[in-house]
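Engineer:
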Amino acid sequence: MENQITRLDWLGRAFVGLCVVVAVAVPVLALLPDKNSAFFVPPYVVALLGKYICFAILAVALDLVWGYCGILSLGHGAFFALGGYAMGMYLMRQIGARGVYANPILPDFMVFLNWKELPVAWWGFNHFAYAGVMILFVPGVLAFAFGWFAFRSRVTGVYLSIITQALTYALKLAFFRNDFGFGGNNGLTDFKDIFGANVQSDATRAALFSASILALAGAYVLSKAIVSSKYGKTLIAIRDSESRVRFLGYRVENFKLFVFVVSAMMAGIAGALYVPQVGIINPSEFDPGNSIEAVIWVAVGGRGTLVGAALGALIVNYSKTFLTGGGLMWIGALLDPVLNYLPGSIGRIIRLFVDTLTGPEGWTAALGLLFILVTLFLPKGILGLFLDTARHNAPAKAAAPAPAPAEEAHS
Amino acid sequence: MIRRWLALLIFVVSASLAYADGLDDTLARFQQDKFPETAKAIAELAVSGAPNAAVLLDALGDNRLFIDAGAHQLVYKTASGDVFNAKTNEKLPGVDDSNLKKVRVNNSLRSAIDAAIGSLSLANPDVGKRIGAAEAVFKSRDAKALPAVEAALARETDPRAKAALEFARGAILVTNSSSPLADRLAAISTLKARADQDSASLLGEVIDKADNPELKAAAQSALVSVKSNLALWNLVQNLWYGVSASSVLLLAAIGLAITFGVMGVINMAHGEMVMLGAYATFVVQSLLPPSWSQWSLAISLPVAFAVSACVGMLIERFVIRFLYGRPLETLLATWGVSLILQQAVRTLFGANNRQVTAPAFMSGSFPLGGLEIGSGRLWIIALAILVFVALQLVLRMTSFGLRMRAVTQNRRMASAMGISTDLIDMFAFALGSGIAGIAGVALSQIDNVSPNLGQGYIIDSFMVVVLGGVGNLWGTLLGAVVLGLANKLLEPIIGAVLAKILLLVCIILFIQKRPRGLFALKGRAVEA
Numbered sequence: 214m215e216n217q218i219t220r221l222d223w224l225g226r227a228f229v230g231l232c233v234v235v236a237v238a239v240p241v242l243a244l245l246p247d248k249n250s251a252f253f254v255p256p257y258v259v260a261l262l263g264k265y266i267c268f269a270i271l272a273v274a275l276d277l278v279w280g281y282c283g284i285l286s287l288g289h290g291a292f293f294a295l296g297g298y299a300m301g302m303y304l305m306r307q308i309g310a311r312g313v314y315a316n317p318i319l320p321d322f323m324v325f326l327n328w329k330e331l332p333v334a335w336w337g338f339n340h341f342a343y344a345g346v347m348i349l350f351v352p353g354v355l356a357f358a359f360g361w362f363a364f365r366s367r368v369t370g371v372y373l374s375i376i377t378q379a380l381t382y383a384l385k386l387a388f389f390r391n392d393f394g395f396g397g398n399n400g401l402t403d404f405k406d407i408f409g410a411n412v413q414s415d416a417t418r419a420a421l422f423s424a425s426i427l428a429l430a431g432a433y434v435l436s437k438a439i440v441s442s443k444y445g446k447t448l449i450a451i452r453d454s455e456s457r458v459r460f461l462g463y464r465v466e467n468f469k470l471f472v473f474v475v476s477a478m479m480a481g482i483a484g485a486l487y488v489p490q491v492g493i494i495n496p497s498e499f500d501p502g503n504s505i506e507a508v509i510w511v512a513v514g515g516r517g518t519l520v521g522a523a524l525g526a527l528i529v530n531y532s533k534t535f536l537t538g539g540g541l542m543w544i545g546a547l548l549d550p551v552l553n554y555l556p557g558s559i560g561r562i563i564r565l566f567v568d569t570l571t572g573p574e575g576w577t578a579a580l581g582l583l584f585i586l587v588t589l590f591l592p593k594g595i596l597g598l599f600l601d602t603a604r605h606n607a608p609a610k611a612a613a614p615a616p617a618p619a620e621e622a623h624s
Numbered sequence: 008m009i010r011r012w013l014a015l016l017i018f019v020v021s022a023s024l025a026y027a028d029g030l031d032d033t034l035a036r037f038q039q040d041k042f043p044e045t046a047k048a049i050a051e052l053a054v055s056g057a058p059n060a061a062v063l064l065d066a067l068g069d070n071r072l073f074i075d076a077g078a079h080q081l082v083y084k085t086a087s088g089d090v091f092n093a094k095t096n097e098k099l100p101g102v103d104d105s106n107l108k109k110v111r112v113n114n115s116l117r118s119a120i121d122a123a124i125g126s127l128s129l130a131n132p133d134v135g136k137r138i139g140a141a142e143a144v145f146k147s148r149d150a151k152a153l154p155a156v157e158a159a160l161a162r163e164t165d166p167r168a169k170a171a172l173e174f175a176r177g178a179i180l181v182t183n184s185s186s187p188l189a190d191r192l193a194a195i196s197t198l199k200a201r202a203d204q205d206s207a208s209l210l211g212e213v214i215d216k217a218d219n220p221e222l223k224a225a226a227q228s229a230l231v232s233v234k235s236n237l238a239l240w241n242l243v244q245n246l247w248y249g250v251s252a253s254s255v256l257l258l259a260a261i262g263l264a265i266t267f268g269v270m271g272v273i274n275m276a277h278g279e280m281v282m283l284g285a286y287a288t289f290v291v292q293s294l295l296p297p298s299w300s301q302w303s304l305a306i307s308l309p310v311a312f313a314v315s316a317c318v319g320m321l322i323e324r325f326v327i328r329f330l331y332g333r334p335l336e337t338l339l340a341t342w343g344v345s346l347i348l349q350q351a352v353r354t355l356f357g358a359n360n361r362q363v364t365a366p367a368f369m370s371g372s373f374p375l376g377g378l379e380i381g382s383g384r385l386w387i388i389a390l391a392i393l394v395f396v397a398l399q400l401v402l403r404m405t406s407f408g409l410r411m412r413a414v415t416q417n418r419r420m421a422s423a424m425g426i427s428t429d430l431i432d433m434f435a436f437a438l439g440s441g442i443a444g445i446a447g448v449a450l451s452q453i454d455n456v457s458p459n460l461g462q463g464y465i466i467d468s469f470m471v472v473v474l475g476g477v478g479n480l481w482g483t484l485l486g487a488v489v490l491g492l493a494n495k496l497l498e499p500i501i502g503a504v505l506a507k508i509l510l511l512v513c514i515i516l517f518i519q520k521r522p523r524g525l526f527a528l529k530g531r532a533v534e535a
């Protein structure tokens, strides 16, 4: 790991450094200062940031397969949710006899459904070691089975995307069923403890936040290591011209399969860290819309940059919180002096329109607009644009010959 | 001809003369106003065949039958208070109310009146009413109705009404343990011929109660045959549901197949084109005057096509055109379009479901054998076939279709031959979207018209395209039929959700074998 970090480029080092600083700083500022202090980070902010960071891990995982291997997975939300369910099952078993029905073995919903025994799928989840293995194993096995079939039969492009979407859709339907054994519609919630500590307490939240952001740094370092290796070069070649790589004698499907499984496991970890911080996991996490939203994080930040993916997740999710919280509602009031001069009810209609767009409902439209604008005008994302400009300016300043290939060679 | 009419007239007149004397006696019984006599009178009236029997019984039940003490005659009042002579049905003006004495009824008489009215409707001139009455007797299997049923059976000429009466008679006989064994055995074979859920439960009851081994055995063998018959009809019914689901899938997917085939891009906003079509139907329906409501759907079809096609054309011009050669980005951008369209519709029309009513000829259902066929579904199937045929004609017979097929098969070669692929893209996208709009008109009849309407169909439509391939429309048809039938046949066995999951898994496995669907384009290109 140490070795990998020293091999990172300046952007990577800055990112990992920032992660470590935040991982220390946020818990300190959340727990130590006085509540009225300017440096105090309130608990809800910690929880919110933790949620964003989990999404950022998912974005990095997605960027690994989409940005570097050209696999546009519209089903990565499924791996995220599966990891989350594995964690949720551990947390459910930790509730023990403190549930509504006070059954020491069975979670409440099973008692409610009149089940007498713990289903096999739930065995062992009272030990975190087992749950931890499952967090990696379940998404990994699903990704392996799916990728095995899909990549060997050379399902690519939009076909693959649609099939991944169908996969997460099928899982959503399955998890909605009560008899599937994972809480049905309501999912898993009412968690009490994690490793014996209260899952709601400020200290636990701060610790979970730190764990999340360190996991983000870890995911980044691992992904960077993969894409900078010889293996990673082949991945990029597959992305750019799959058949050419195949004709050169590479087993393309094996390359794709490995990176797909690794990415799915990362998504699983993200989901596992997400669940204790939001306190619930239910089948709506499998919604195809969630997976596509994750893709837009990567697109906004810049695909094929890893750091950009994480950045995109943070920017888009912060915007979502800001806009759905009515962060731009003041625009309507600002327009009023002008609108009042308009004849008839035109002013009122415009006001209503502006209010709808800036209000909580407007987020859907804003997100849609973001999809269109980013794909049309920002194909490399924010970070891609920034790096391009930086590269463009570099030769003029230093007159160094062809910095871009040189950078790739030593990274 | 005239002789036949004359004969009929004579028959009617003599028949009315025949019961005229009987009616006098019956009315005299009412005039005595004693419960046993009234009961007899009710029973006589029920079988008399008198034209005003139903009116009199109705009046009796409502306490509107009176004895006119002054004129010694029976009269009845209508609900509005006019007084009529019970025998001659003539209006009696200026009857003194103080002279009228009510014919008293008690509860047991009331139930006798109800039964009598029921058996009277067995003689109703309307065939539908007679069948309804016979069905009611079949369900109640009241032994007291047997004479009325047998009387009705003797004079019944309509074959369907006759069958219904036979069933009613069978149901009475078979459940009545005092009826002769031969009759009960015959009744069992009648019920066996009926072969529906009601006769199955009736036979089950007979088996439970039967004291006679011969009867029990007969009922058991009849039940087996009824059950296998029912299972068969059930299968046919599910097949019908499957065909119906296939037609919906075909309508929703065929536009997607066109755009995907021609341009190689997946339009994630396709479901929203369907949604726009459904809302266009709603708008057309609310703008039309009520007298035109029969035509609302016929008018909606071109309107929905035009609306969705225009929106589709705009999307192609302003978004997709610039993403040429980047199918994955197109997928994302059109997803964005779908979000915006959903929000726009939600802002304009509200998030609640909108009501689109079906014209009279499309609502309701009719039985066909053991099938229940919804008229609306039938029209949707017809529409799907029509759209399919029309599209095939456009693709095969027009120069636009020729160009479109050329671009589908080899874009660069088509371009080299002087086809403006840019224009073809635009019109193909408009066409595909317009057909989605037509699908929206159909879906507005069977689904809730809400901003989320399209999302429910989009994944299924994709599956149809993935299964059928983009080579030609027959693939789409086959894909839709296979998915629709498989879904509806699996549903009763393993439930709707599991059926869907199983199908998705099957499709994922299927594309292992045929990654480009059932009808793939044949060519030498390594990659599509």
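Sequence lines, in order, name chains A and B. Heads up, the first sequence is in the numbering used here, so the first residue is 214 and it goes up one at a time. Heads up, the second sequence is in the numbering used here, so the first residue is 8 and it goes up one at a time. Quick reminder that beta carbons are idealized off the backbone N, C-alpha and C, glycines included.
1) Using the Cα positions of residue 372/B and residue 443/B, report the straight-line distance between them to the nearest angstrom.
2) Quick check: residue 425/A and residue 486/A, are their CB atoms within less than 9 Å of each other?
3) Can you check whether the CB of residue 445/A is closer than 9 Å to the CB of residue 515/A?
4) In chain order, what residues of the same chain lie with their CB nearer than 8 Å to the CB of residue 490/A, ignoring the 5 residues before and after it?
5) Taking DSSP as the reference, what is the three-state secondary structure of residue 84/B?
6) What are the boundary residues of the beta strand (DSSP E) that includes residue 245/A?
7) For residue 59/B, which three-state DSSP category applies?
8) Determine, using beta carbons only, whether residue 427/A and residue 291/A come nearer to each other than 9 Å.
9) Distance cutoff 9 Å, beta carbons only. Does residue 311/B sit that close to anything in chain A?
10) Contact criterion: CB-CB distance below 9 Å. Does residue 333/B meet it with respect to chain A?
11) Let's see if you can read the secondary structure: which residues bound the beta strand (DSSP E) around residue 97/B?
12) Using a Cβ cut-off of 8 Å, pull out every chain A residue sitting near residue 321/B, in sequence order please.
13) What residue ranges within the stretch 153-227 of chain B form continuous alpha helix (DSSP H) runs of no fewer than 4 residues, ordered along the chain?
14) Can you confirm whether the stretch 301-311 of chain B touches the stretch 474-483 of chain B when touching is taken to mean that 3 or more C-beta pairs between the two stretches lie within less than 8 Å?
15) Output the distance between the C-alpha atoms of residue 482/A and residue 520/A, rounded to the nearest integer angstrom.
16) Taking the CB atoms as reference points, tell me whether residue 74/B and residue 40/B lie closer together than 9 Å.
17) Where residue 318/B and residue 440/B are concerned, what is the direct C-alpha to C-alpha distance, given to the nearest angstrom?
18) Mind checking the stretch 372-387 of chain A against chain B and listing, in chain order, the residues whose C-beta falls within less than 9 Å of any C-beta there?
19) How about residue 512/A: is its C-beta nearer than 9 Å to some C-beta of chain B?
20) Leaving out five residues before and five after residue 244/B in sequence, what residues of the same chain have Cβ atoms less than 6 Å from its Cβ?
21) Is there a Cβ of chain A sitting closer than 9 Å to that of residue 342/B, yes or no?
22) Can you tell me whether residue 372/B is helix, strand or coil according to DSSP?
23) Please check if any C-beta of chain A sits within less than 9 Å of the C-beta of residue 420/B.
24) Would residue 498/B count as contacting chain A if we go by Cβ distances under 9 Å?
25) Considering residue 109/B, what are the terminal residues of the alpha helix (DSSP H) in which it resides?
26) Is the beta carbon of residue 110/B sitting closer than 9 Å to the one on residue 153/B?
27) Excluding the 5 residues preceding and the 5 following residue 141/B in the sequence, name in chain order all residues of the same chain whose CB lies nearer than 8 Å to its CB.
28) For the candidate residues 394/A, 341/A, 496/A, 275/A, whose alpha-carbon lies nearest to that of residue 329/A?
29) Taking the runs of the alpha helix (DSSP H) that are 4 residues or longer, which of them lie wholly in the stretch 342-385 of chain A?
30) Determine the extent of the alpha helix (DSSP H) in which residue 324/A is found, giving its start and end residues.
31) To the nearest angstrom, report how far apart residue 304/B and residue 275/A are at their CA atoms.
32) Run the CB neighbour count on residue 602/A, radius 10 Å, all protein chains shown included, and call it buried at 16 or more, exposed below.
33) Taking residue 352/B as the reference, which of 550/A, 577/A, 553/A, 555/A has the closest Cα?
34) Assign residue 191/B to one of two classes, buried (16 or more other C-beta atoms within 10 Å of its C-beta) or exposed (fewer than that).
35) Using alpha carbons as the reference points, say which of 323/B, 236/B, 106/B, 250/B lies closest to residue 267/B.
Structural biologist: Short version:
1) In a straight line, the C-alpha of residue 372/B is about 26 Å away from that of residue 443/B.
2) Yes, the pair counts as a contact, with Cβ atoms nearer than the cut-off.
3) Against a cut-off of 9 Å, the Cβ pair of residue 445/A and residue 515/A comes out as no contact.
4) Leaving aside the five residues that flank residue 490/A on each side, the residues in its chain whose CB is nearer than 8 Å to its CB run, in chain order, 260, 263, 264, 267, 418, 421, 422, 425.
5) DSSP places residue 84/B in strand when its eight states are reduced to three.
6) That residue, residue 245/A, is in no beta strand (DSSP E); it is neither H nor E in DSSP.
7) Here residue 59/B sits in coil by DSSP.
8) No, the Cβ-Cβ distance between residue 427/A and residue 291/A is not below 9 Å.
9) Between residue 311/B and chain A, the shortest Cβ-Cβ separation is not below 9 Å.
10) Contact of residue 333/B with chain A is assigned, a C-beta pair being separated by under 9 Å.
11) Neither: residue 97/B is in no beta strand (DSSP E) and is coded neither H nor E.
12) Ordered by position in chain A, no residue passes the 8 Å Cβ test against residue 321/B, which lies about 12 Å from the chain.
13) Those alpha helix (DSSP H) runs which fall completely within the stretch 153-227 of chain B and span 4+ residues are 153-162, 166-182, 188-201, 204-216.
14) The stretch 474-483 of chain B, when compared against the stretch 301-311 of chain B, does not touch it at the 8 Å Cβ threshold.
15) Distance between the alpha carbons of residue 482/A and residue 520/A: 18 Å.
16) Their beta carbons are under 9 Å apart, which means residue 74/B touches residue 40/B by this criterion.
17) Between residue 318/B and residue 440/B, the C-alpha separation is close to 8 Å.
18) Close to chain B, meaning a Cβ-Cβ distance shorter than 9 Å, are the following residues of the stretch 372-387 of chain A: 372, 374, 375, 376, 378, 379, 380, 382, 383, 384, 386, 387.
19) At least one chain B Cβ lies under 9 Å of residue 512/A.
20) Here the set comprises 378.
21) Residue contact with chain A for residue 342/B: present (Cβ-Cβ distance below 9 Å to some residue of chain A).
22) In the structure shown, residue 372/B sits in a strand (DSSP, three-state: E or B).
23) So no, residue 420/B is outside the interface.
24) Residue 498/B is outside the set of residues whose beta carbon lies under 9 Å from a beta carbon in chain A.
25) For residue 109/B, there is no enclosing alpha helix (DSSP H); the residue is part of the beta strand (DSSP E) that begins and ends at 107-109.
26) For residue 110/B and residue 153/B, no; Cβs fall outside 9 Å.
27) So the qualifying residues of the chain are 129, 156, 159, 168, 171, 172, 174, 175.
28) Comparing Cα-Cα distances from residue 329/A to each of 394/A, 341/A, 496/A, 275/A, the minimum goes to 394/A.
29) For the stretch 342-385 of chain A, not a single whole alpha helix (DSSP H) run of length 4 or above is found.
30) For residue 324/A, the enclosing alpha helix (DSSP H) stretches over residues 321-325.
31) CA-to-CA, the gap between residue 304/B and residue 275/A works out to about 46 Å.
32) Burial call: exposed.
33) Closest by alpha carbon: 577/A.
34) Flag for residue 191/B reads buried.
35) Distance from the Cα of residue 267/B is smallest, within the candidate group 323/B, 236/B, 106/B, 250/B, for 323/B.
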